[in-house]
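Enquirer: Here you go, one structure.
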Amino acid sequence: MREKEKLALLIEKASLALLGGLFVVFPLLFTDITTDLFILPKQALLIFVVLALLLLYGVKTLILEKLPVSRTPFDLPILLFIIALGISAVLSVARFDSLINFVPIMFAGISFYAITYNIKNQKSFNALTLSLIAGGALLSLISILNFFKLYVFPYDFAKNQTFTPLGSGLDQTIYLGFLLLFAGYFLFPFLGKWKHVLQNETRNFHLILLSLLTLITIVGFAVSLYSTLKLTTTLILPLATGFQTAFAAISQDAQRLLTGFLFGAGYGEFAISFLRFKSAAFNQFDNIWNLTFFRSTTFVLELLATTGLVGLASFLFLAYKIVREKKPFIPLVVVVVAFFVLPLSFFHLVLFFFLLGLYASFKNLTGGANYSELELSLNVSKRGYFVLSEGAGNERFGRTLSTIIFVLILLFTALFGFLTFNFVQANTTFQKSLVFARANNGNETYNNQLQSLNSLTGNYVDSYHRLFSQTNLALANSLSSSIPQGSSPSAQQQQTIYSLVQQSINSARRATTISQYNAANWQNLSAVYRSLIGFGDNADSFAILAAQQSAIFDPTNPQEYINLGGIYYQLQAWDRAIEQFQTAINLKPDLPNAYYNLGFAYWQKGDLQNAKVALEQVKQLVSDNKDNLAKINDDLKTLEDQIAQGGQAQAPQLQQPESALPPQNPPVEIPAPEAVVSPTTTPTPSPTPSPNQ
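So the number in the numbering used here is just where the residue sits in the sequence shown, counting from 1, plus 1410.
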């Protein structure tokens, strides 16, 4: 029996070491071997550490033949919150991407249970608290050194005054602020008593160390706050747009009205909701109108848009449990308030679970009501059923229970461990392809992207398919351009070009089937087809169809209509091109590019007076830009000369897509777009007032 207890104690120490390491390393980890420098490495770290903790828990359960658990008032609310997010992801408009976003949050929730289970005494609580604050202190040191241009990391992108391993000065400021609230709560009672604390240096070592780490974090917080306010431009979605998008997302999704109302667009899919439901008034904001926001104005508004009323209600239930504690824990109450007023990120949600786990453990150690540890046993009820109950159970049933739990944990860790490893491996391979692309190495770019897409998880990432389609098209264009002018390609060259074109189309189509509501996927598919006009049969019709789909999912973006008008312009359908350019102008009356395209469409049609009116409007809008002003003056002079000559001269041509392949006669047969979504009512853009200049 002693050997089992020793082994169990060793497992407890290993679990604490893993948690401590996670707390320290989590805010610091970043790498350039993944496509995402900051988020994905931290997600992988979190998942693998929590999986290791689960496995250790399973081994300990098997050794002791008991099922020890910690009980807190937050167990059920967290479980319901995670379940709500999971259902939202499964029912999402972009299911695979939403599940990818959900899994790390699920493990963040599991980390809460791991923390409350593994903290057994004050010593372990102090150790983990110091680890968490130490992570913040190290993060602060990096920012302090960067601020004084003493760069820590060898990467070029990290040699910047405002660089942070969290990727954003705002995110770091909020992260450090949460840590300071937590540390300050435990240090506050000792204010004015430091003489006594220092006299008992050995006994109060953790307090002294906590104070030093907190002091460093305070300085780091100040530097981060200054950098955020003075040295960088922090873009936050306007509150009115955040409100409007959230409520539109749960009430105006005609094809999934009930699902959208209850579960939103899917956890992590705010960008899709933003593009679909932002109003045309958003175009008034000159510095952000053309940006895609992946976070709402506040976390709660984002949660409403992405997880619906069920997700929001589950979070409010958790918040209620925190605020309604008999003696509310002020740092956590402030954090809960922050969820309602700040645009929080993945980092902050993970930190929230860390802090909540530490608080619940602290309450358990100090004898808080409704906080306890218990051991569950497998017993036989009077009716002959197996039931889980507190207290001692039959020994053989205890072994059965522990074996079942261990097998379930083993299967869970094996499944998610494999999927996570496969996903990270596919991502690093795809990042290699991007490095090769920057080096202009087409073959290695192609091979690495293909390898990534052939992986189990990589095949379900729409952005990989989107980029792979562009790679294939670029290679086909490069091969076609290498054929000497006037000569015919060999059979092998022709077959290679056809294969690359086919792969480009198939990959672009695959992206639209993985995430049907993502406008970027339809934009890409339209661009692929547009490049094949004259080369592929019906490429023009397919390009228009895909562009129309893109506009459906981003209906108030004037650029969508400029793109669609550009296709009509290329096809010399002047009236249709004019209609699309005019729609873009209605959406944003101060957009020079829309007027410029409109002017040239009128010019090509032969309506020179309207062309002049449009180009003169461009001149007014670009008066502050010397280069653009010179260009439009040249165009206006050419147009005025043509008017003076009675309109006899030919209008100049706008630039066509650079990647267009040479025409084929007869055109090559190419596949049409897939998974076309036709909403019951197509959103109709409405004019917006011109913003104040």
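Cβ coordinates follow ideal geometry from the N, Cα and C atoms, glycine included.
Nothing here was measured: the structure is a model prediction, and the numbers come from that model.
(1) Using DSSP bridges, identify the partner residues of Val1479.
(2) Starting from Leu1590, follow the alpha helix (DSSP H) in both directions and report where the run begins and ends.
(3) Please name the residue in Phe1673, Ser1873, Arg1705 whose C-alpha comes closest to that of Phe1653.
(4) Express the C-alpha separation of Lys1559 and Arg1848 in angstroms, rounding to a whole number.
(5) Just list the residues that DSSP pairs Ile1943 with in beta bridges.
(6) What is the rounded straight-line gap between the Cα of Leu2049 and the Cα of Ala1987?
(7) With DSSP collapsed to three states, give me the class of Glu2079.
(8) To which residues of the same chain is Ala1949 closer than 7 Å at the C-beta, ignoring the five residues directly before and after it?
(9) Does the beta-carbon of Asn1850 have 16 or more other beta-carbons within 10 angstroms, so that it is buried, or is it exposed?
(10) Apply the 10 Å Cβ neighbour rule to Tyr1979 and answer buried if 16 or more other Cβ atoms are within range, or exposed otherwise.
(11) Checking 9 Å against the spacing of the C-beta atoms, do Thr1717 and Phe1673 come in under that value?
(12) Where do the ends of the alpha helix (DSSP H) carrying Trp2013 lie?
(13) In three-state terms, what does DSSP make of Ser1621?
(14) In its own chain, which residues sit with a C-beta less than 8 Å from the C-beta of Leu1509, not counting the 5 before and 5 after it?
(15) Can the beta-carbon of Leu1580 be found less than 9 Å from the beta-carbon of Ser1550?
(16) Helix, strand or coil, according to DSSP, for Lys1533 in the structure here?
(17) Take the Cβ of Ser1897 as the centre, count every other Cβ of all protein chains shown within 10 Å, and call the residue buried at 16 or more, exposed below.
(18) Under 8 Å: do the region 1825-1833 and the region 1427-1434 share three or more Cβ pairs, one atom per stretch?
(19) By how many angstroms is the C-alpha of Phe1822 removed from the C-alpha of Ala1994?
(20) Between the C-alpha atoms of Pro2002 and Ile1972, what's the straight-line distance to the nearest angstrom?
(21) Quick one, are the C-beta atoms of Gly1676 and Asp1507 less than 9 Å apart?
(22) Under the three-state reduction of DSSP, which class applies to Pro2097: helix, strand or coil?
(23) From this set, Gln1694, Leu1464, Ile1488, Tyr1870, which residue's C-alpha is nearest Ala1504's C-alpha?
(24) When burial is assigned at 16 or more other CB atoms within 10 Å of the CB, is Glu1415 buried or exposed?
(25) Taking Ser1683 as the reference, which of Ile1449, Leu1713, Gln2055 has the closest Cα?
(26) Determine the DSSP secondary structure at Asn1928, reduced to helix, strand or coil.
(27) Leaving out five residues before and five after Ala1619 in sequence, what residues of the same chain have Cβ atoms less than 7 Å from its Cβ?
(28) Could you say if the region 1739-1752 and the region 1524-1539 meet the contact criterion of at least three C-beta pairs nearer than 8 Å?
(29) Compute the Euclidean distance between the alpha carbons of Leu1728 and Ile1488, then round it to the nearest angstrom.
(30) Would you kindly work out how many angstroms separate the C-alpha atoms of Gly1976 and Ser1425, rounded to a whole number?
(31) Taking Cβ to Cβ, would you say Phe1816 is nearer than 9 Å to Val1469?
(32) On the DSSP letters alone, give me the boundaries of the alpha helix (DSSP H) that Gly1676 sits inside.
(33) According to the neighbour-count rule (16 or more other Cβ atoms, all chains shown, within 10 Å of its Cβ), is Asp2044 buried or exposed?
(34) Measuring straight from C-alpha to C-alpha, what distance separates Ser1689 and Gln1903?
Expert: Answer, in terms of the structure:
(1) Position 69 of the sequence shown, counted from the start, is the residue given in the question as residue 1479. DSSP links Val1479 through a beta bridge to Leu1784.
(2) Residue mapping note: residue 1590 aligns to position 180 of the sequence shown, counting from 1. That run of the alpha helix (DSSP H) goes 1579-1597.
(3) Taking the first residue of the sequence shown as position 1, residue 1653 is located at position 243. The residue from Phe1673, Ser1873, Arg1705 with its alpha-carbon nearest to that of Phe1653 is Arg1705.
(4) Taking the sequence shown and counting its residues from 1, the one referred to as residue 1848 is at position 438. Taking the sequence shown and counting its residues from 1, the one referred to as residue 1559 is at position 149. Whole-angstrom Cα-Cα distance: 28 Å.
(5) Here residue 1943 refers to the residue found at position 533 when the sequence shown is read from its first residue. As computed with DSSP, Ile1943 is found in a beta bridge with Gly1946.
(6) Working through the sequence shown from its first residue, we reach residue 2049 at position 639. Working through the sequence shown from its first residue, we reach residue 1987 at position 577. Those two C-alpha atoms are separated by around 19 Å.
(7) Here residue 2079 corresponds to residue number 669 of the sequence shown, with the count starting at 1. Three-state DSSP puts Glu2079 in a strand.
(8) Sequence index remark: in the sequence shown, residue 1949 carries index 539 (1-based). Here the set comprises Tyr1939, Leu1942, Ile1943, Ile2080.
(9) Within the sequence shown, residue 1850 is the residue found at index 440, counting from 1. Note on Asn1850: under 16 other CB atoms within 10 angstroms of its CB, so exposed under the neighbour-count rule.
(10) Along the sequence shown, read from residue 1 onward, the residue named residue 1979 stands at position 569. Answer is buried; the Cβ neighbour count reaches 16.
(11) As a working note, residue 1717 is residue 307 in the sequence shown. As a working note, residue 1673 is residue 263 in the sequence shown. With contacts defined as CB atoms closer than 9 Å, Thr1717 and Phe1673 qualify as a contacting pair.
(12) Numbered from its first residue, the sequence shown carries residue 2013 at position 603. Counting along the chain, Trp2013 sits inside the alpha helix (DSSP H) bounded by residues 2002-2015.
(13) Within the sequence shown, numbered from 1, the residue matching residue 1621 stands at position 211. DSSP places Ser1621 within a helical segment (H, G or I) once states are collapsed to three.
(14) For the purposes of this step, residue 1509 is identified with residue 99 of the sequence shown, where counting begins at 1. Result list for Leu1509: Ala1499, Val1500, Ser1502, in chain order.
(15) Taking the first residue of the sequence shown as 1, we reach residue 1580 at position 170. Taking the first residue of the sequence shown as 1, we reach residue 1550 at position 140. No; because the gap between Cβ atoms is not below 9 Å, this pair is not in contact.
(16) The residue you call residue 1533 lines up with position 123 of the sequence shown. If DSSP states are grouped into helix, strand and coil, Lys1533 belongs with the helices.
(17) Here residue 1897 refers to the residue found at position 487 of the sequence shown. Classification for Ser1897: exposed.
(18) Using a C-beta cut-off of 8 Å, the region 1825-1833 makes no contact with the region 1427-1434, since fewer than three inter-stretch Cβ pairs fall below that distance.
(19) As a working note, residue 1994 is residue 584 in the sequence shown. As a working note, residue 1822 is residue 412 in the sequence shown. Each residue's Cα considered, the two are about 51 Å apart.
(20) Position 592 of the sequence shown, counting from 1, holds the residue named residue 2002. Position 562 of the sequence shown, counting from 1, holds the residue named residue 1972. For Pro2002 and Ile1972, the distance between alpha carbons rounds to 11 Å.
(21) Numbered from its first residue, the sequence shown carries residue 1676 at position 266. Numbered from its first residue, the sequence shown carries residue 1507 at position 97. Between Gly1676 and Asp1507, the gap from beta carbon to beta carbon is short of 9 Å.
(22) Counting from one through the sequence shown, the residue named residue 2097 turns up at place 687. Confidence is the limiting factor: at Pro2097 the pLDDT is only 34, short of 50, which leaves the residue's position unreliable, though a coordinate-based value still follows. In this structure, Pro2097 counts as coil in the three-state DSSP scheme.
(23) Your numbering for residue 1504 matches position 94 in the sequence shown. The candidate whose alpha carbon is nearest that of Ala1504 is Tyr1870.
(24) Taking the sequence shown and counting its residues from 1, one reaches residue 1415 at position 5. Exposed is the call here.
(25) Taking the first residue of the sequence shown as position 1, residue 1683 is located at position 273. Nearest C-alpha to Ser1683: Leu1713.
(26) Taking the first residue of the sequence shown as 1, we reach residue 1928 at position 518. Looking at Asn1928 - three-state DSSP - the assignment turns out to be coil, as it is neither helix nor strand.
(27) If you number the sequence shown from 1, residue 1619 lands on position 209. Ala is not the amino acid found at residue 1619; the sequence shown has Leu there. Excluding the 5 residues flanking it on each side, Leu1619 has same chain C-beta neighbours closer than 7 Å at Leu1540, in chain order.
(28) Short answer: they don't touch.
(29) By 1-based counting over the sequence shown, the position of residue 1728 is 318. By 1-based counting over the sequence shown, the position of residue 1488 is 78. Leu1728 and Ile1488 have their C-alpha atoms spaced approximately 7 Å apart.
(30) For the purposes of this step, residue 1976 is identified with residue 566 of the sequence shown, where counting begins at 1. For the purposes of this step, residue 1425 is identified with residue 15 of the sequence shown, where counting begins at 1. Cα-Cα distance, rounded: 60 Å.
(31) If you number the sequence shown from 1, residue 1816 lands on position 406. If you number the sequence shown from 1, residue 1469 lands on position 59. Yes.
(32) Your numbering for residue 1676 matches position 266 in the sequence shown. For Gly1676, there is no enclosing alpha helix (DSSP H), as DSSP gives it neither H nor E.
(33) Start at 1 with the first residue of the sequence shown, and residue 2044 comes out as number 634. Asp2044 is exposed by the Cβ-count criterion.
(34) Taking the sequence shown and counting its residues from 1, the one referred to as residue 1689 is at position 279. Taking the sequence shown and counting its residues from 1, the one referred to as residue 1903 is at position 493. Ser1689 and Gln1903 have their alpha carbons spaced roughly 49 Å apart.
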